[in-house]
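Asks:
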Amino acid sequence: MKHAQVFKFPTAHHHFELLLSILKANGIPWENVYNMDEKGVQLGEGWHNSQEKYFYSQDEKMMYKQKGDSLELVMVIDCVCADGTAPIKPAFVFAGATKFDNWFEELHGIDNILSRVATSENGWTDDEVGFEWFKECFVPQAKMQNKSGKPILDWIEHGQANGIILYCLPPHTTH
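For the sequence shown, counting from 1, position 130 maps to 124 in this note's numbering; every step adds exactly one.
Right, dumping it as structure tokens:
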């Protein structure tokens, strides 16, 4: 609700005018326009009330569903193409100092689903994790589609070196 309260129509209108002028000036078709975002997914139910409802027989003595109490978040980095034609595999960021290969040994073919599993101290997508995702995941996958701050400077330089124009969305318009 907070985002809806601070949303400004003139800002959004200006954003689309600017975006269209960039696309037109550079001859960029919609199939070469991507949007990246991250979303936190809580592993357990935590303290939040679930909207799920369950039916039980009146004869059952125990009428509750046990849930996990983990409050740990996993960040999912997802990226989509504006026209839906170029799937970019998602990445996950877990809290921790090290990623162990055996975390996913039972998930055969995981490389066909995910582009990267990363860790950061708090499990969030920080500048380093974000740039590594951009450089090692997004750029190679976007290039495979064959479509016609200091960390921010690294992103811009790496994007320009690979023919990618970075454009940020206006505040309060993505969630």
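Idealized CB from N, CA, C, for every residue including glycine.
Is ALA155 helix, strand or coil by DSSP?
Replies: Secondary structure of ALA155 (DSSP, three-state): helix.
Asks: Near MET76, what residues of its chain come up, given a Cβ to Cβ distance below 6 Å and the 5 sequence neighbours on each side ignored?
Replies: One detail in the question is off: residue 76 reads as Ala in this sequence, not Met. Result list for ALA76: TRP24, VAL27, in chain order.
Asks: Give me the residue from PHE128, PRO165, TYR161 with the minimum Cα distance to ASP148.
Replies: Out of PHE128, PRO165, TYR161, the CA that lies nearest to the CA of ASP148 is found in PHE128.
Asks: Taking the beta strand (DSSP E) that GLY34 belongs to, which residues open and close that run?
Replies: 28 to 36
Asks: Roughly how far, in whole angstroms, is the beta-carbon of VAL111 from the beta-carbon of LEU67, given that I think they are within contact range, below 8 Å?
Replies: The Cβ separation is near 15 Å, so there is no contact.
Asks: Kindly confirm or deny that the region 115 to 125 and the region 158 to 165 touch, where touching means at least three C-beta pairs closer than 8 Å.
Replies: no
Asks: Excluding the 5 residues preceding and the 5 following THR79 in the sequence, name in chain order all residues of the same chain whose CB lies nearer than 7 Å to its CB.
Replies: GLU25
Asks: For MET138, does the count of other Cβ atoms within 10 angstroms reach 16, so buried, or fall short, so exposed?
Replies: exposed
Asks: Measure the alpha-carbon distance for GLU32 versus GLU11 and round it to whole angstroms.
Replies: Rounded to whole angstroms, GLU32 to GLU11 spans 25 Å at the Cα level.
Asks: For GLN154, which residues of its own chain have a beta-carbon under 6 Å away from its beta-carbon, when the five flanking residues on both sides are left out?
Replies: none
Asks: Can you tell me the Cβ-Cβ gap for VAL87 and SER114, rounded? I've got them flagged as a contact below 8 Å.
Replies: Contact between VAL87 and SER114 holds, since their C-beta atoms are separated by about 6 Å, short of 8 Å.
Asks: Quick check on LYS141: does DSSP put it in helix, strand or coil?
Replies: Bear in mind that the predicted position of LYS141 carries a pLDDT of just 49, short of 50, making it unreliable; the figure below should be weighed with that in mind. The answer is coil: DSSP assigns LYS141 none of H, G, I, E or B.
Asks: Assuming CYS131 contacts ALA85 under a Cβ cut-off of 8 Å, what Cβ separation, rounded to an integer in Å, is found between them?
Replies: 6 Å
Asks: Measuring CA to CA, which of GLY117, PRO81, ALA91 is closest to VAL70?
Replies: GLY117
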